Amino acid sequence: MRRSRHTDEPKHLFVSSKSTEDHDNHDNQPPSNSWVEHLLFVLLIIPLTLSILLVYSDASSWHLPDNLYVFVNTNRTSVQTAVQIFGAILAAIEVFALCRLINLTTRIRFTQSPVSLNVLEFWSALSTPTNNFSLPFWMIVITVLFGNLSAIISALWTGALTPADAIGTQNSSLLVPDWSNISLIKEYPAQIDKTGLSIRETKGYFSYSVGLALLGSLLSSMNSASPINGGVRNHPKLDNTRYNYHGRSYGVGASAGLSDDNLVAIPHVRNFTFNEIGLDASVDCMYNTSSMFVIQLLPQTTLYAARGFLPDSNLSAPEYSVYIGRGDDAIVALGVSANPTEYSAKRYMAIASGNYYKNLNQVQCAVTFTPAIFNVSVDIQERNISVSKINASEPSVGLVHDIDPHHNITHIVMRQLELISNDLTSYYRSTFGDAFNASISDYRTSVAGSNLSETQIVMKGMENAVTSLVDDMLVAYASAQLVVSEFRKSTPVVVQVAALRVGSREYVITSAVITGLIVLLVIGEGIRMRWWKGLPSFDYQDNRALVLGASRGGKGIAEYVEQVKCKDLGRVPVIWRKGEESWHHGEIVFQPMLDDPEDDIENTGLIMRQSAAKSLGINKAACRVRFIRLQQKYGFKKKEKVIPRRNQAPAMTDDAEENTHLPNPPISTTLNPTIYNSNKAKSFKSLY
């Protein structure tokens, strides 16, 4: 007898035109774990390759080419915007890989054991990623952190890709003074027609008559010999190159601004460094109360003689020079042996002065010249020259070549002091003495409040002034060797240029580690899950599949919620089961978990019976017969005798009647896990 459609049954708005063949074709679709699913992870090659390149470039100190350096500095804003966009893309690829990995793994997990709706929504939030504030607190925390993971990784990639300022190095050469020929370095008379060779050009005035030609520059430098603040002395180079020495010059560094045109022409040059051999002048001053160098009045009016012996003077030729003045009070006479007993590295100078400069009288200084190697660093942009002495004990130094083996240079330098002293004494004052007193006064100011005696202050001020004079004159002779006589030689130099590197090391390493961990996680999980061989076609992120699977699973989920009056819908346990025949997407059904309470399990059996009876329209007699069969198979105890009726199939009227006639399903107070395997599930279906 053909069953007629119920009059109240709703009609479909759309009638499918698919036939049985269409369903068969649908079943023949490629499996969900096809190569397309795995191709999505191939995008990780992009950040992985880039991470390897960034680490390699950082380890090899690679810098951007000159044309890119100019482009980046000219378009900083545009470049930074592009870097942030690209960093966001790389972060999206890595986060997408993690989301996809979570999705594939949890989809397989959903087919193996039941999970709560909270967990299912938690999986969905991680696979998107998104935030759902209706979840339990710990799930909210994880989803919020995971949702912001892309921003964190994007920031790390931005730091790893942003061009950063760096210093590149190049090897080049520089012309420095050659001291093998010092034939022009000698004591020239003070006469105007007998001065040494000189050249005046745009870079300055260079002469072999250093004490006279550069008198003004030497005196100006001498006035600043003692820094008032007690810090490092900064003083100008005695030419027009606009370079300043930071600290002592030690008589080296004359090449800066004079023979470095080839280095300055290098694009984006910042500074250059080289080693140069020079003479380290060490000055030690004291009061010699037994000094034999004194001032004597001559028969001629306003003429005075400074004569006597110094520790290195020849006894057959005492020192002698003539000074002028309206008395000897304003005279400051400085004596240096013109014909010493021997030309040595240690030379002496003595001062005899009048009452106006009595603190300088009987001052005697010993100047020792020691050959040494100095490291010269020239900052082109700041126009600074820094000189540091290299320790002779270092293995890389070796034997230091003496540029003045016969001590001719030291003799000429010291003799310039006597010429300067004579030229700077007038009728009324000594400019040379004023310069010495300026150095002493500045040093007194710098050590104010200390326990130094006046003698110590005077001696230190004198030492600073003499050191300044000696260093500057050595630089002046070196400049004359370069410019006037062109006695030069080449020396290696390390040039530092402004450059750009890709990213900062900390960000490069961090982003590379994160990328490597993600790749290893994908590979490891793929191997563990056999490349997701058992991946179902059902995807809980697909709303279409979700609705279809839930509708196929019957009313068990909704009736469970209604029966137990569940206030927390997220705790409802569900599982996905593969569909039969043409049910390609399977179904989502209610199934309690093994750790559920016994009362929930009993209610579960009641609800499953009610759902089956209502959804399939089975009458009470048929239900009793099927239950008897299942009772015989599993050995359940029956609560009442079941008597099937003939030719009568009364419809169920209410839930109370069903609860009276339908016994409990095969679920014991202690849940047997085997009931929920696939075979028992099929037997359970046969009941309904």
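Take the sequence shown: its letters are residues 15 to 702, numbered as in my numbering. Glycine included, C-beta positions come from ideal geometry on N, C-alpha and C. In this text, all values refer to a predicted model and were calculated from it rather than measured experimentally.
| Asked | Found |
| --- | --- |
| Could you tell me the boundaries of the beta strand (DSSP E) in which K372 lies? | Element bounds for K372: n/a, residue is neither H nor E. |
| With distance defined between alpha-carbon atoms, name the residue in D179, S223, S212, D80 nearest to I434. | S223 |
| Going straight from the alpha carbon of P45 to that of Q98, what length do you get? | Any reading at P45 must be qualified, since the residue scores a pLDDT of 47, below 50, and its modelled position is unreliable; no value is offered. |
| Between E477 and the rest of its own chain, which residues show a CB-CB distance below 6 Å, the 5 nearest in sequence each way excluded? | V297, C299 |
| Does the Cβ-Cβ distance between I309 and A352 come in under 8 Å? | no |
| Taking the alpha-carbon of R214 as reference, which of A139, G349, N254, E356 has the nearest alpha-carbon? | N254 |
| Cutting at 6 Å between CB atoms, please list the residues of its own chain near Q184, excluding the five before and the five after it. | V509 |
| R321 and P332 - do their beta-carbons sit closer together than 8 Å? | yes |
| If distances are taken between C-alpha atoms only, which option among R340, V377, F288, I417 comes closest to S305? | V377 |
| Buried or exposed: where does W137 fall if 16 or more other Cβ atoms within 10 Å of its Cβ makes it buried? | buried |
| Run through DSSP, which three-state label would I632 get? | For I632, the predicted model reports a pLDDT of 43, less than 50, meaning its position is unreliable and no value from the coordinates is stated. |
| Threshold first: 4 residues or longer. Then list the alpha helix (DSSP H) segments lying entirely within the stretch 264-314, N to C. | 275-278 |
| Three-state secondary structure (DSSP) at R502? | strand |
| Kindly confirm or deny that the stretch 440-457 and the stretch 152-161 touch, where touching means at least three C-beta pairs closer than 8 Å. | no |
| For I365, which residues does DSSP report across the bridge? | L348 |
| Mind checking which residues open and close the beta strand (DSSP E) that includes D179? | 177-191 |
| For my contact list, I345 and T445 are in at a C-beta cut-off of 8 Å; report their separation, rounded to the angstrom. | Actually they are not in contact, since the Cβ atoms of I345 and T445 sit about 12 Å apart, beyond 8 Å. |
| Closest to G210 by CA distance: which of G218, L226, N195, K217 is it? | L226 |
| With the cut-off set at 8 Å, would you say I537 and I167 are in Cβ contact? | no |
| CA-CA distance, H282 and G475? | 42 Å |
| Would you give the residue range spanned by the alpha helix (DSSP H) that Y442 belongs to? | Taken as a continuous stretch (DSSP letters only), Y442 belongs to no alpha helix (DSSP H), as it is neither H nor E. |
| So which of T216, G339, N328 has the shortest CA-CA distance to P354? | N328 |
| Just list the alpha helix (DSSP H) runs in the stretch 470-553, keeping only unbroken ones of 4 residues or longer that don't cross its boundaries, in chain order. | 519-542 |
| Answer with buried or exposed for R262, where buried requires no fewer than 16 other C-beta atoms within 10 angstroms of its C-beta. | buried |
| With distances taken between CB atoms, is the gap from L348 to L431 smaller than 8 Å? | yes |
| According to DSSP, is V246 part of a helix, a strand, or is it coil? | coil |
| Secondary structure at S327, three-state DSSP: helix, strand or coil? | strand |
| Where does the unbroken alpha helix (DSSP H) through H260 begin, and where does it stop? | Here H260 belongs to no alpha helix (DSSP H); instead the beta strand (DSSP E) covers 258-260. |
| Compare the beta carbon distance of S504 and L229 with 8 Å and say whether it is the shorter of the two. | no |
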